[in-house]
Structure formats: C-alpha cells, structure tokens
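A short write-up of the structure that comes next.
There are 2 protein chains.
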Amino acid sequence: MRPLFHPAMEDVQPEAILHALSDPSRAAIFAKIMSAGCVEACAAVSAMGDRVIPKSSLSNHFKVLREAGLIRSERHGVEMRNHSRWAEVDARFPGLLSAIINAYASEGGNGPRG
Amino acid sequence: MRPLFHPAMEDVQPEAILHALSDPSRAAIFAKIMSAGCVEACAAVSAMGDRVIPKSSLSNHFKVLREAGLIRSERHGVEMRNHSRWAEVDARFPGLLSAIINAYASEGGNGPRG
DNA sequence: CCGTTAGTTCCGAAATCCCGAACTATGGGA
DNA sequence: TCCCATAGTTCGGGATTTCGGAACTAACGG
C-alpha cells in the first residue's frame, strides 16, 4: 500500500476540484468532512443519505478527493483519518469551496446527499 | 432539429453546473460568453487557446452548458446566439460562477483555455 | 498465529466521452 | 425555384472513465 499521495497546493487545478465535487456522493462526503472538521473513517461515511456506497467505490471517492487536493488522509492504526484542506484551497481559490457547498446545501434543502 | 431545451432555473442542479465547468474547454467557452456578454456563433469559439475543437464536440459542449442552465441559445438566421444566464444562476447559487471563473483565471494566469 | 476490522487493488461490465461522417436548416443568389 | 454555401446537429462506434464485487493487504486483539 503505497504512501498516500497528496498534491502540493500549487499543483491543484480547478478542473480537478470541480470534477471531484460534481459527483453528489463525493460532495456529500466532502461536506461531511468540512462540517465535522475530520472524519475518522471511510466506513463512517458509507451510508450517505439513503444509499449505501460499496467500499471499493468509497475508497475511490476518497482517492479522487485526495488527489484533487481537497482532503488529507492519514492512517491511524487500522483506520483512516480524513480532514479537509479547506484553508489551503480557499487561499488559492477564494470562495470556491464555500460557494459549492452552499450551492448543494441550498438545492438539497440541507446539504448534498450521496 | 427540435427546439433547444433550456431548463427552468429551479430545475438546475449544482452537480450539472460543476460537471459542465469541470471541462476546461467548456469553462473557457463559458468565460468567453460571460466576458463578451454574448457569443454569436459556435464557430466563433472553435479555436480556444491553441487547440481546435471539432465542431461536433463544440456542439456537444454548448449542449452541456445549455442543459446545465448556464447559457441560453437562440437561432438567429443561420447562426446561433449564446448568452449567459449568469444573473439567474447567481441568484440561485450566489457566488458560485464567479468563484469558478476566478479559480480558472488565477490558475491559468489569464483565464481558462480550451 | 488466527480472526476481525478497515481499506486497497484488480478487473470486467456498464456508462460516458470524443470526433469524423452524414445529415438538417437557413439564407443568398440567379 | 433550384442549387450552393454556411452553421450547427445527429449518428455511430472506438477510446476512456466509472462502478462495484471479489480477493488481497495492513493493523490490532487475543
């Protein structure tokens, strides 16, 4: 299991962020990480809304979010701890993440759901 | 050729907008329409930056933008006139479009290129 | 060492995207 | 009215991406 790759913020591209968050499941996961500050496991998030996400898909979703520069993941014992890179991303692309999260929140009534 | 479909703003979903703009070519086209107020033809935009976009792809890009609720297209004689629905979209999802356009602009140095 | 839990990788099926070729629609002559 | 040119759309199918089950790896607890 190779050491998880996290791009430097200067290498983060807007299209990767938009692509990552254009999937409602991923947006929901990211919103959860944002609001919780940190999500302690992939499994903790496996049932977003009413849909169960298979764990291979979930693993892939986290990978996409990570490689888009949106989250930082680190192994802690047997589980993964994910936290958002909001401050860094917001410094690079001001207002982008909050506008996206707000858009999902206003559309769905109370946040994106998987 | 069926009458072009434009979604009502209340039916516009954030994921469609993010998906539409997660493609740099489309983002560039949209930025151009935004800044010009109106782009008079698909062909007028066929060479974004240094890449030539084939016209079937271009037609599809416009369709994606249109169905995402980002632009309004109307036939004027033999050509198509496209203008942005910025005001409507911004009313529904405040700050979203400008944050996205700014993100591309700051990353690319001077706006998204196709 | 074995079992359990948490997550990753592999790989084939399904869905999407891309773009050349053929087609449709509109306007301008003659 | 017919023909041509221009502008854009649709079709088709190969390339790419995504999805998810099954098998695998890693860490911890007896």
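If you read the sequences in order, they're chains A and B. The numbering of the first sequence is my numbering, which starts it at 1 and goes up by one. The numbering of the second sequence is my numbering, which starts it at 1001 and goes up by one. Note that CB positions come from ideal geometry on N, CA and C, so glycine has one too.
Reference residue i, options the options, closest by Cα
i         : options                                       : result
ALA1091/B : ASN60/A, GLU107/A, GLU67/A and ALA28/A        : GLU107/A
ALA1036/B : ARG1081/B, SER1057/B and VAL1052/B            : ARG1081/B
VAL39/A   : GLU79/A, ALA87/A, ALA105/A and GLY95/A        : GLU79/A
LYS1063/B : ARG1026/B, ILE1101/B and VAL1089/B            : ARG1026/B
ILE33/A   : PRO94/A, ARG66/A, LEU96/A and GLY77/A         : ARG66/A
SER1096/B : SER1059/B, SER1056/B and ALA1016/B            : Sequence inspection shows Leu at residue 1096/B; the Ser mentioned does not correspond to that position. Selected option, being the one with the closest Cα: ALA1016/B.
ALA1089/B : PRO1003/B, LEU1058/B, MET1009/B and PHE1005/B : Here residue 1089/B is Val; the residue named in the question, Ala, does not match the sequence. The shortest C-alpha separation from VAL1089/B is found at MET1009/B.
LEU4/A    : VAL45/A, SER59/A and PRO54/A                  : SER59/A
Short Cβ contact (8 Å threshold) for residue i with residue j
i         : j         : result
PRO7/A    : GLY69/A   : yes
ALA1103/B : PRO14/A   : yes
LEU1018/B : PHE1030/B : no
ARG1085/B : ARG1072/B : yes
Buried or exposed by the 16-neighbour rule on C-beta atoms within 10 Å, applied to residue i
i         : result
HIS61/A   : buried
ALA99/A   : buried
VAL52/A   : exposed
PHE1093/B : buried
At 3 residues or longer, what runs of the beta strand (DSSP E) sit wholly inside the region 1034-1084 of chain B?
1071-1076 and 1079-1084
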